[in-house]
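Read top to bottom, the protein sequences are chains W and G. For what it's worth, my numbering labels the leading residue of the first sequence as 365, then goes sequentially. For what it's worth, my numbering labels the leading residue of the second sequence as 365, then goes sequentially. Ideal placement from N, C-alpha and C gives every residue a C-beta, glycine not left out. Every value quoted in this text rests on a predicted model; they were computed, and no experiment measured them.
2 protein chains.
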Amino acid sequence: MIIDCHGHYTTAPKQLQAYRDDQIAALKSGSRPSDRGTLTISDDELRESVQPQLKFQRDRGTDLTIFSPRASAMAHHIGDATTSLHWSQHCNDLIYRVCGLFPDKFVGVCQLPQTPGVPPANCIEELERCVTELGFIGCNLNPDPSGGHWTAPPLTDRYWYPFYEKMVELDVPAMVHVSASCNANFHATGAHYINADTTAFMQFIQADLFKDFPTLRMIIPHGGGAVPYHWGRYRGLAQDMKRPLLTDLIRDNVFFDTCVYHQAGIDLLLKIVPADNILFGSEMVGAVRGLDPETGKYYDDTKRYIDHSSLSADAKAKILEGNARKVYPRINKLLPA
Amino acid sequence: MIIDCHGHYTTAPKQLQAYRDDQIAALKSGSRPSDRGTLTISDDELRESVQPQLKFQRDRGTDLTIFSPRASAMAHHIGDATTSLHWSQHCNDLIYRVCGLFPDKFVGVCQLPQTPGVPPANCIEELERCVTELGFIGCNLNPDPSGGHWTAPPLTDRYWYPFYEKMVELDVPAMVHVSASCNANFHATGAHYINADTTAFMQFIQADLFKDFPTLRMIIPHGGGAVPYHWGRYRGLAQDMKRPLLTDLIRDNVFFDTCVYHQAGIDLLLKIVPADNILFGSEMVGAVRGLDPETGKYYDDTKRYIDHSSLSADAKAKILEGNARKVYPRINKLLPA
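Next up, the structure:
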């Protein structure tokens, strides 16, 4: 079984965006609705909407996608905690329904109702609902709910600890994933995403988060941002700062996905980062949707790059399946062994 | 001749920091001195202070360092435009004196007196002084004078154009280089530097800056941040956005240095980015000062990685010398042909 750990519901029926547009219009008009309103989408519409994902799964030979709401649309900087909660609940409920319609093709990961200035403890209830009631296996955690202004404390700050306690209790990991940028300096998928990945990794080097939470697991997407390319810099910085070896620091706690969209990048990742710390991911139907004219294949068909790498069969098996089962253990209750 | 395009004066005599400490103390006390004050350092002290750089040049077989004030100490977020001007002038004057003492070992690049909220046109006078009076060949341009809050417009915004006009007139390039971070999310050399590199490159993809300034040249340090590792992502994003091919976009205008501190990273850079767009750099006596226990050599001895790469002799010659002469043409007036 091949598990893609990084898929977002980027093809939701248009009613979802209409709901969001109404929500934003209400905010602009000065009214902040206190009830979450309704969203009407039929099962047939949901089935139809994920046909692109299902076709790519078939074409690329993958089996299951760990599926979460569209990352760029989380936009935690819009409105307040109530806005964010309503929006997150609707988005998560749709993921739940898609997973119910295609239980062997999608497993759910939730969006969190984060809001700038509001402690992440505020997200515990929605995490618990998604995991215990909807059968989700993880969450996407935004280190910068401000959308490019970086006003929250670092991920290693005690500000985040109550939320981590719940993650540990539920035994679910988080993918560290920012959302849209409202800072003109940062293109969302071309700068903000990659910067956040790099930033989170350096934060993890600087502090003892994983001493405090030995079973806390974080997936840094997009191949770990700049980290594998600058592995020598990070090894050297950790050494100068008297911090642990990177391989020790990440062993049970930090994982990179394979959302790197060319062979040479994937080859570097696979060469540098231990296979135990890499999870297959594509973020397909995502940031980069075109065909690479140099290969005639989709840029984001990352399984091809792994297939074409010189990695051992054992290491490939870990990356394509085993590590996902280890990092997201709740998946094992949903899948055949 | 081997030219290291990326060296900062990180070993200045302690009087320099004492001057800065006094300047900051005066700001804190509420007094903002209107004269720039004095800094007394003897030529012998300057000679002594750069012995580490000279020793590394000898040990590593490099000849000349393009030398600028310590990047992390620029700290444009401290004080106001007058603070920044006084500090920059002192720092630049020291570079001038070091270059005068060792004219075959160092060539100067200036710090700019940038300040958050003050248009970069404000820096034209100091650039002109450094280039026309002190013989400098380029400048370091900070895309985020706020130090991690990213409050300035993108580098492609017309906000920066008057400064670019002067760069073009003087025929000097800029290295895009941030300074210290005062945002707790961003470790300076482990996150802020690398993020800025990635951010600047994406800004260049998004806009027509180099149509407006066909001879403007920007060096993106630290191996281009995350860019070569994510080259497929950037090719794909540019394609989806109907922007030029990356190789066309960067050809005469965007260059990466080789400050990547392990062999596999350098190998990726050299494989992916055209040799015409890479300049040898080490940032030695900089961010990472230790010996790599895996090699027994300094992490930042980047010349070793280039020597050990499979690049052709012709390409190596471009990277080690030719491209620096092309990108910083004023260097040719100072050096034998």
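Q: Enumerate in chain order the residues of its own chain whose CB-to-CB distance from residue 640 of chain W is below 7 Å, with the five nearest sequence positions on each side excluded.
A: 682 and 687
Q.
Can you check which of these residues, W:389, W:658 and W:476, is closest to residue 505 of chain W by C-alpha distance?
A. W:476
Q | Residues near residue 441 of chain W in its chain [Cβ-Cβ closer than 7 Å; skip 5 each side] | A | 480, 509, 510, 511 and 546
(Q) By the three-class DSSP mapping on this structure, what secondary structure does residue 432 of chain G have? (A) strand
Q. Using a C-beta cutoff of 8 Å, does residue 648 of chain G count as contacting chain W?
A. no
Q: Show which residues of chain W have a CB atom less than 7 Å away from the CB atom of residue 562 of chain G.
A: 555, 558, 559 and 590
Q | Extent of the continuous alpha helix (DSSP H) to which residue 531 of chain G belongs | A | Start and end: 525-534.
Q.
Within 8 Å of any Cβ in chain W, is that where the Cβ of residue 612 of chain G sits?
A. Between residue 612 of chain G and chain W, the shortest Cβ-Cβ separation is not below 8 Å.
(Q) Does the distance between the C-beta of residue 697 of chain G and the nearest non-hydrogen atom of the ligand FMN fall short of 7 Å? (A) By its list of ligands, the structure shown contains no ligand whatsoever, and the ligand FMN lies outside what it can speak to.
(Q) Residues of chain G with CB closer than 7 Å to the CB of residue 548 of chain W, please, in chain order. (A) 517 and 518
(Q) Tell me the rounded alpha-carbon separation between residue 638 of chain G and residue 615 of chain W. (A) 36 Å
Q) If you drop the 5 nearest sequence neighbours on each side, which residues of the same chain put their C-beta closer than 8 Å to that of residue 523 of chain G? A) For residue 523 of chain G, where only same-chain residues beyond five positions count, the Cβ hits under 8 Å are 483, 484, 516 and 517.
Q. Just checking, does the region 366-374 of chain G make contact with the region 421-434 of chain G on the three C-beta pairs under 8 Å criterion?
A. yes
Q) Among residues of its own chain, excluding the 5 on either side of residue 339 of chain G, which ones have a beta-carbon nearer than 6 Å to its beta-carbon? A) Since the first and last residues shown for chain G are 365 and 701, residue 339 of chain G lies out of range.
(Q) Can you give me the C-alpha to C-alpha distance between residue 621 of chain G and residue 495 of chain G, rounded to a whole angstrom? (A) 22 Å
Q) residue 463 of chain W by DSSP, collapsed to three states: which one? A) helix
(Q) Are the CB atoms of residue 673 of chain G and residue 630 of chain G within a distance shorter than 8 Å? (A) yes
Q) Roughly how far, in whole angstroms, is the beta-carbon of residue 584 of chain W from the beta-carbon of residue 564 of chain W, given that I think they are within contact range, below 8 Å? A) 6 Å
Q: Classify residue 381 of chain G as buried or exposed, calling it buried when 16 or more other Cβ atoms lie within 10 Å of its own Cβ.
A: exposed
Q.
Let me check understanding here. Comparing Cα to Cα, which of W:628, W:653, W:573 and W:401 lies closest to residue 608 of chain W?
A. W:573
Q) Under 8 Å between the Cβ atoms of residue 373 of chain G and residue 433 of chain G? A) yes
(Q) Below 7 Å on C-beta distance, what does residue 626 of chain G contact in chain W? (A) 595 and 596
Q. Between W:659, W:696, W:623 and W:654, which lies nearest to residue 338 of chain W when the distance is taken from Cα to Cα?
A. Coverage of chain W is limited to positions 365 through 701, which leaves residue 338 of chain W absent and any answer about it impossible.
**Q.** Bounding residues of the beta strand (DSSP E) (the contiguous stretch that carries residue 372 of chain G)
**A.** 367-373
Q) From the DSSP output, which residues share a beta bridge with residue 582 of chain G? A) G:538 and G:618
**Q.** In DSSP terms, what residue 504 of chain W is bridged to
**A.** Note: residue 504 of chain W sits in a beta bridge opposite W:475 and W:539.
Q. Residues of chain G with CB under 9 Å from residue 656 of chain W, in chain order?
A. 596, 599, 600 and 603
Q: Using a Cβ-Cβ cut-off of 8 Å, state whether residue 370 of chain W counts as contacting chain G.
A: no
Q: Determine the closest residue to residue 692 of chain G out of G:537, G:603 and G:591, with distance taken between C-alpha atoms.
A: G:537
(Q) Is there a Cβ of chain W sitting closer than 8 Å to that of residue 365 of chain G, yes or no? (A) no
Q.
Could you tell me the alpha carbon to alpha carbon distance between residue 636 of chain G and residue 626 of chain W, rounded to whole angstroms?
A. Computed Cα separation, rounded: 10 Å.
Q: Measure the C-alpha to C-alpha separation of residue 562 of chain G and residue 552 of chain G and round it to an integer number of angstroms.
A: 14 Å
Q) From the DSSP output, which residues share a beta bridge with residue 388 of chain W? A) None, per the DSSP bridge assignment.
Q. Which first and last residues belong to the alpha helix (DSSP H) in which residue 672 of chain G is found?
A. 666-672
(Q) What are the residues in the region 565-584 of chain G lying within 9 Å of chain W by C-beta distance? (A) 565, 566, 567, 569 and 570
Q.
Using DSSP's beta-bridge definition, name the partner residues of residue 642 of chain W.
A. W:620
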